[in-house]
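Novice:
Numbering (this note's numbering), first residue to last: 1 to 993.
So, in structure tokens, the structure goes:
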């Protein structure tokens, strides 16, 4: 029967359609392929034989260095309707030096995967070797930059390095896969990615891909393996794809990514410049058609736009991005994907977090908020409420998995399109209603007529503005039969032999729901307004109503179990949380629900005094909220309601940051500075793609093992009449900096231009040397380069090996030869042997104050001067401490704010490295922006005790170019949260290695 349905669907694909026209892009007769508990065919992924829609979002644990808070994010993802989470793993985050790896503390992947399993989420692992992710070097370790062999090929040196990483990380992943590792371990990893966006497809890349596949299998990973194709090229499809112009690979599944839908303007205005693309059943087909590149495997978007990243010197785009790819966008674009048979979708990002320390690539600044459903401050944005509603439908209707085109419907308006799909097994229907094109914003009243499983019906519809509606029809919901509804289904629970269903629609719009009964049921409107009519000929009970507040309708008899139908407007629906077999209405977040011995224990968050109502089994006699007993009453409609609202969070005061102590931080500029232990610049092997002048030494910071942050050079030369100017060639990443001192005096600085989405990352400034350089005797040039990240390797062209630090330095006459005056150079930075391995690779660069532990909370600064901020050439360190007293039982996010936060940039020029309790939580560049507020996660910040701030402020010393007002700000405050411990880390210089 199913085969007949599939063949019929194939025939329908060729018919002209009044709505969306499907094409034969998928092979519905493809055999099922099985990998232990995971299997798939062209229609869907299956877990334990059950077709499953994978509804996923991404988070990066390395962008939240407080491991207890990983659980907070995972719980919020689960509560927001997701059944899966995707994780990138950053090779460089774990490996400071070749052969050295650390998976402890903030790098504990095993703990992360265990948490995801405990929170009931499937996992997609993406372990590289290359991940991109707007990370410095795209996730490659710093030491890999010195390899002369080309990365992302079958070069033996590169493969040996990547195997080092993969051996270790694959072993952890294997222990957590659903199939187990054969050694007694088992977990929740269902899919594994072996490479990311590999855009070159030469034989060297094919051999590389073969190696990665074989390595994963040899390391015990038995779930399906995939590659994420950058932008639908048809690259690295499974071998059995015969689509022309595709590139075959060893991987089992073909996955691709896409970020359609336009971007905000530079002035922070959302746009609606493009319609949702058809990358599956209803698309153009072929190698570049998306899922059509691999007809035998299910549609798989490994990344789909859940926001977008922001760059140095922008006007600040994250809040606008949250709207651009937020409410309504999600309905239109994610729904179009689902209608196109893309049953595996992962949204990038679900939680972006913070590119703290030296994590960011040049294309981003510290914040990686991304406009995601969960903000950098861990706030549940309004877009997450919509995702909860969409995810609720997916959870309530398993028949959505594996649907195929069902043929055209008739629509009364040419401004509307309807995607119409069905399940070959049950004939259940999914109807996605959008404008035509889907980015239209007209207000339309129309009907569409469809042959549905229970008959031919005409549905009255309304679609106002940029929007889409996800409708289901011919669906068995518990013990009920839904013929159709113009409302959208959010939740379904079964309690004590009755069904409770929650549907919703836009505020004020009319709705119509038809249910099938053997005989006339009894309809009781418990609250709100609804009318009903029973058609005895068909057995149809039709309900009509307006979506306004919450309407409650009880339906009993008619040959079916009782049904409590809850009908809400969209905002009312957003108040509901479906956890286990209970529905909870009211709180800002419900994290968990567990019942034992008649007590229902709920945990969650409130932002304000909040009524609590619960649809729970009759056996629930008592309720606790975050461990506190709640006085309850049984309502007339059978729910449990709190007698008084749940309490709001208590406000709390933040201390002013005063009593700053200051010390000079550029001793390297002093000509008398002792640099005897520094490395001498020599002619060691040169691996960079950046050309240098012939015959010059290798000056690159990476060549000497200095990969992150600041690096210092000191060069000695003999004064000469030829010493008229200094010409530098340097690399410093996004908004990078070079400062030049001669004999202890700043003679100038240069900054890499900002304000470009794809920034320039190298510079070639010229500095006029003062008369002193031409006087006899030895002179000392001191040069600091701030490396704001290595490039990514997105195009597999070794772009991550572009020079960082100095490439060349020429002292020369204005009209004479370059490199006229010899210079003997030395270099120093933070090497590969980490003095602070707990905080790790990303935390520190090469400032003298960092080596001395000035950033640590326990450093004794009593000998420093108490002084107001003042403009000083070079770097100055400022330290202060303060106490916090966030009320117990509350979850707040507190940030550090610089200057006037209403503006993206300051009128003065300086930059700050921000250390909070020893953790480098980012960089503020006053005159570049746009970030002025830096969230500090609890666990890094002590919410109930003493805290320390150390700021390394770098300036040219010009009047006014100094630290502005620094203050603490509360970014969010809720009552609830989860227990968070301080992250253990060295507190005093004596604890550094």
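Each residue gets a CB set at the ideal place from its N, CA and C atoms; glycine is no exception.
If distances are taken between C-alpha atoms only, which option among 650, 322, 503, 96 comes closest to residue 972?
Specialist: Of 650, 322, 503, 96, the residue nearest in Cα terms is 650.
Novice: Helix, strand or coil for residue 398 per DSSP?
Specialist: Helix, per DSSP.
Novice: List the DSSP bridge partners of residue 808.
Specialist: 729.
Novice: Are the CB atoms of residue 748 and residue 768 nearer to each other than 9 Å?
Specialist: Yes; because the gap between Cβ atoms is below 9 Å, this pair is in contact.
Novice: Starting from residue 155, follow its DSSP beta bridges and name the residues at the other end.
Specialist: DSSP lists no partner for residue 155.
Novice: Kindly indicate which residue of 893, 904, 958 has the alpha-carbon position closest to the one of residue 72.
Specialist: Measuring from the Cα of residue 72, the nearest candidate turns out to be 893.
Novice: Quick check: residue 812 and residue 725, are their CB atoms within less than 9 Å of each other?
Specialist: The answer is yes: Cβ separation under 9 Å.
Novice: Helix or strand or just coil, what does DSSP make of residue 235?
Specialist: Residue 235: strand per DSSP, three-state reduction.
Novice: Applying the 10 Å Cβ sphere with the 16-neighbour rule, what's the burial state of residue 267?
Specialist: Per the 10 Å Cβ criterion, exposed.
Novice: What do you reckon, are the CB atoms on residue 663 and residue 819 nearer than 9 Å?
Specialist: Against a cut-off of 9 Å, the Cβ pair of residue 819 and residue 663 comes out as no contact.
Novice: Report yes or no: do three or more beta-carbon pairs, one from the region 586–593 and one from the region 607–614, lie closer than 8 Å?
Specialist: The answer is yes - the region 607–614 touches the region 586–593, with three or more Cβ pairs under 8 Å.
Novice: Do residue 282 and residue 251 come within 9 Å of each other at the CB atom, strictly closer than that value?
Specialist: Cβ distance not < 9 Å, so residue 251 and residue 282 don't count as in contact.
Novice: Going by beta carbon distance, what residues of the same chain come within less than 6 Å of residue 994, once the five residues before and after it are set aside?
Specialist: Look at the range of the chain in this structure, 1 to 993, and you will see that residue 994 is not part of it.
Novice: One question on the structure: do residue 421 and residue 406 come within less than 9 Å of each other, judged by their Cβ atoms?
Specialist: Yes, Cβ-Cβ distance for residue 421 and residue 406 is below 9 Å.
Novice: Just verifying my parser: in three-state terms, what is the DSSP assignment at residue 471?
Specialist: Three-state DSSP puts residue 471 in a strand.
Novice: Once the 5 residues before and after residue 494 are set aside, which same chain residues still bring their CB inside 6 Å of it?
Specialist: Within the same chain, residue 494 has close Cβ partners 478.
Novice: Quick check on this structure: which residue in 531, 383, 144 has the alpha carbon closest to the alpha carbon of residue 324?
Specialist: Closest option to residue 324, Cα to Cα, is 383.
Novice: Verify whether the separation of the beta carbon atoms of residue 259 and residue 249 is less than 9 Å.
Specialist: No.
Novice: Indicate the three-state DSSP secondary structure (helix, strand or coil) for residue 27 in the structure shown.
Specialist: In the structure shown, residue 27 sits in coil (DSSP, three-state: anything other than H, G, I, E or B).
Novice: With distances taken from CA atoms, which of 507, 926, 224 is nearest residue 34?
Specialist: Measuring from the Cα of residue 34, the nearest candidate turns out to be 224.
Novice: Is DSSP giving residue 435 helix, strand or coil here?
Specialist: Note: residue 435 maps to strand in three-state DSSP.
Novice: If we count the other Cβ atoms within 10 Å of its Cβ and call it buried at 16 or more, is residue 689 buried or exposed?
Specialist: When all chains shown are included, residue 689 counts as exposed.
Novice: Exposed or buried, what is residue 119 when buried is set at 16 or more other beta-carbons lying within 10 Å of its beta-carbon?
Specialist: Classification of residue 119: buried, given that the 10 Å Cβ count is 16 or more.
Novice: So, helix, strand or coil for residue 989, using DSSP?
Specialist: Residue state, collapsed to three classes: helix.
Novice: Please look up how many angstroms separate the CB atoms of residue 552 and residue 543, rounded, as I've assumed it's under 8 Å.
Specialist: Actually they are not in contact, since the Cβ atoms of residue 552 and residue 543 sit about 12 Å apart, beyond 8 Å.
Novice: Let me confirm a value: residue 888 is counted as buried when at least 16 other C-beta atoms fall within 10 Å, else exposed. Which label applies?
Specialist: When all chains shown are included, residue 888 counts as exposed.
Novice: CB-CB under 7 Å to residue 516, same chain, minus the five flanking residues each way: which ones, in chain order?
Specialist: Cβ within range, chain order: 454, 481, 483, 539, 540.
Novice: Residue 73 lies in the alpha helix (DSSP H); which residues open and close that run?
Specialist: Run containing residue 73: 68–79, per the alpha helix (DSSP H) assignment.
Novice: Roughly how many whole angstroms lie between the Cα atoms of residue 298 and residue 393?
Specialist: Taking the straight line from one Cα to the other gives about 20 Å.
Novice: Where residue 831 and residue 431 are concerned, what is the direct C-alpha to C-alpha distance, given to the nearest angstrom?
Specialist: If you take the alpha carbons of residue 831 and residue 431, they lie about 58 Å apart.
Novice: Taking Cβ positions, are residue 828 and residue 912 nearer each other than 9 Å?
Specialist: Cβ atoms of residue 828 and residue 912: not closer than 9 Å.
Novice: Around the Cβ of residue 465, are there at least 16 other Cβ atoms within 10 angstroms (buried) or fewer (exposed)?
Specialist: Flag for residue 465 reads exposed.
Novice: Can you list, in chain order, the residues of its chain whose CB lies under 7 Å from that of residue 379, leaving out five sequence neighbours each side?
Specialist: Counting only Cβ-Cβ distances below 7 Å, and skipping sequence neighbours, we find 972.
Novice: When the Cα of residue 628 is compared with those of 609, 602, 637, 639, which residue comes out closest?
Specialist: For residue 628, the nearest C-alpha among the options comes from 602.
Novice: List the residues that DSSP assigns as beta-bridge partners of residue 56.
Specialist: In the DSSP output, where bridge partners are listed per residue, residue 56 has 84, 346.
Novice: Give me the Cα-Cα distance between residue 191 and residue 114, rounded to the nearest whole angstrom.
Specialist: Taking the straight line from one Cα to the other gives about 16 Å.
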